[in-house]
Each structure stands twice: as C-alpha cells, then as structure tokens.
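Residue numbers (the working numbering): 290 to 606.
Every residue gets a Cβ at the ideal spot worked out from N, C-alpha and C, and that includes glycine.
Report on the following structure.
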Ligand code: SAH
C-alpha cells in the first residue's frame, strides 16, 4: 500500500480497508481465545442452534422445499454452520451447504467442520435455488468510505506512518455492503428463501468515525500495521434495509431480544441439566450474548425474505 500511495497518491478508506482485510483474513484464523476476537457462535453453541431453529422453522412453514440450500456469508471457523445444521437436519432439512468465503485459511477450517460445503467467492455464484442463509459479522468487515461534507477522506503515508486526510464531522457509507445486501436480496426475490443478517451497528441515523482495529482482543490503531489486526466498522442497518428493497425486510431487533424471544432461556436450562458442571459457563455465555451491557444491544438482527416465504421467527410479528 505504501508503494501504491507513492505512485497513485492517497487511496480511499475503502481501498485501504479492503487491502488490509484481504491480507489479514487470507493469512490466519483470527477467531477464538488465541486469535484477535471472539464471535457469537464461538461463545456458545446456543447461538448457532437458535439461528438453525429459526431457519428450520421458516423452511418447514414454507412447505419444506427439497431444493432449498443452507448458505452462509463469511462462515469463520464453520462453527455457526455446524450448530445450525445439526438443528436443521433434525427438522428434516437435507439440502446442500453453500459457503461464500474468500480466505484460503478459513476455507480450510470450514472444510474440516463441513466436509460437504461448496465454496464460492461471491453471493452471485450461489446456485439459483431457495436459500436459508445467515451472515454473522460479515458486513462489518466489508469496506466503508468516510466523508467530510462532500469530500472523501483518504489514506496517505508520510514516510513514517499511514494517516488520514481531512478532519471534521465524519459520515460513513459502504458501497460494498450495499452491493452485497442487494445481491442477496435479488437472489431471494428471484429464487425464494430467507436470510438472517446479524452484526454490530446502529438501526438508523448515527454518524461519526466508527472504523476500528482489533488485535489480540484489544482495540488498536487502524493505521498501525495494516493487515495485522481486524478492521471493521459499525453497520448502518438502515442502509442495508434500503439496499435490500428487492425483497421483504423485517424490522431491526437487538440480538439480546431476539435470542430471548427464540428461547435461549429454556435452551440454556436444558443444556445445563445435561451438563451440570457447565451450569455457570452456560449462564455466562447467555449473559454475554444477550445482556445490554455486553453484545445484546449493540448487535442487531434483520431478516430478508421472498414475499411467498413466511416471516422469520421473532422479527416480523
Ligand atoms: N461468521 C463468522 C466469522 C466472522 S469474521 C463468525 O461469526 O464467527 C468475517 C468472515 O467473513 C471471515 O470468515 C472472513 O474471511 C469473511 N470475509 C471477509 N470479507 C469477505 C469478503 N469480501 N468475501 C467473502 N468473505 C469475506
């Protein structure tokens, strides 16, 4: 990037974020205690199980179509898919598994958990079939642009370090996220199915600089050692909803309220009854996923669906 900036001049924040994250994800498994950050499916199996239950429920109420596929955007270690599919298979779902993942390192991890998974580089490459899709912490990793008024912020290098141009009140946009949400909505509108998007961000109208780097479970400077930390930014759910207008989009619900309404309480009790020595850990995982001071309020959930498919549980009623 330093060479590129020297020859082309300052690059957009989106180009910087895309290049840094492409290198970052291609060269490691960033998840878990030994990595840089922990996601909901890595905290507890209850997260993937409830996602699977919601998708299985939509599939059964849609008439259990044989040609429907499980699909996931940015499946990480494959933990969410494994937990969700265990529940979905028990409900009779026997469909294919399609994984949109660009990182060779994470494809290897996913293939170990999901031997039947079929990989794709882009949403547009998923076959023309009804989908039961989930994307957890996928959109936050896609590049954002930053603006001060109508001027785009750029990334320069002064010989010693990367730095941003322009100061002032920041507004963020993300053509990459809008393109992904719109490709997903087009697929659902044409071929049927339902999708869950779970991510951290805001329901509407917030602004400011939300670009962040996380490394070794701590916040880091996003312009220090690009490609060695995870770059992400808060997801503007109103922008996703707008980009997904080709299909029906639910309201935006907080992760905590959604998981509680789907029955994480009874699920935690059932798990604890069978694993009494894990009772405290299961209760702690539920609090981490659902409490407002933890992930419960910051993380949000929306569903997209074909008009002939039923609403996804907990999001439209
Ligand atoms: N969903 C997982 C992992 C979240 S990390 C979990 O919840 O644990 C982000 C994931 O998105 C990683 O798998 C990363 O490799 C993938 N990813 C990031 N940018 C991508 C892109 N442009 N195309 C496809 N996958 C991408």
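Report task. Name, in chain order, the residues that DSSP records as bridge partners for residue 490. Result -> 524
Query raised in the report: Taking just the CA atoms, how far does residue 488 sit from residue 473?
Result: C-alpha separation (whole angstroms): 16 angstroms.
Query raised in the report: Does the Cβ-Cβ distance between residue 338 and residue 372 come in under 8 angstroms?
Result: yes
Requested in this report: Report the three-state DSSP secondary structure of residue 502 (helix, strand or coil).
Outcome: strand
Query raised in the report: residue 365 and residue 344: beta carbons closer than 8 angstroms?
Result: Cβ atoms of residue 365 and residue 344: not closer than 8 angstroms.
Query raised in the report: Which stretch, first to last residue, makes up the alpha helix (DSSP H) that contains residue 343?
Result: 334 to 350
Report task. Specify the secondary structure class of residue 519 as computed by DSSP and reduced to three states. Result -> strand
Query raised in the report: At a cut-off of 7 angstroms, is residue 363 close to ligand 1 when judged by its beta-carbon and the heavy atoms of the ligand?
Result: yes
Query raised in the report: Is residue 537 helix, strand or coil by DSSP?
Result: strand
Report task. Kindly indicate which three-state DSSP category residue 294 falls into: helix, strand or coil? Result -> Under the three-state reduction of DSSP output, residue 294 falls in the helix class.
Requested in this report: Would you check if the distance between the CB atom of residue 503 and the CB atom of residue 547 is smaller than 8 angstroms?
Outcome: No. Outside cutoff.
Query raised in the report: Using the rule of at least 16 other Cβ atoms within 10 Å of the residue's Cβ for burial, across every protein chain shown, is residue 609 buried or exposed?
Result: This structure cannot speak to residue 609, because the chain is shown only from 290 to 606.
Requested in this report: Report yes or no: do the stretch 501 to 515 and the stretch 315 to 325 share at least 3 C-beta pairs separated by less than 8 angstroms?
Outcome: yes
Query raised in the report: What residue from 443, 452 and 476 has the CA that sits closest to residue 461's CA?
Result: 443
Query raised in the report: Taking the alpha helix (DSSP H) that residue 549 falls in, what are its first and last residues?
Result: 544 to 551
**Report entry** Inter-residue Cα distance where the pair is residue 471 and residue 311
**Finding:** 22 angstroms
Query raised in the report: Out of curiosity, what's the CA-to-CA distance linking residue 514 and residue 469?
Result: 27 angstroms
Requested in this report: Report the partner residues of residue 301 according to the DSSP bridge assignment.
Outcome: 443
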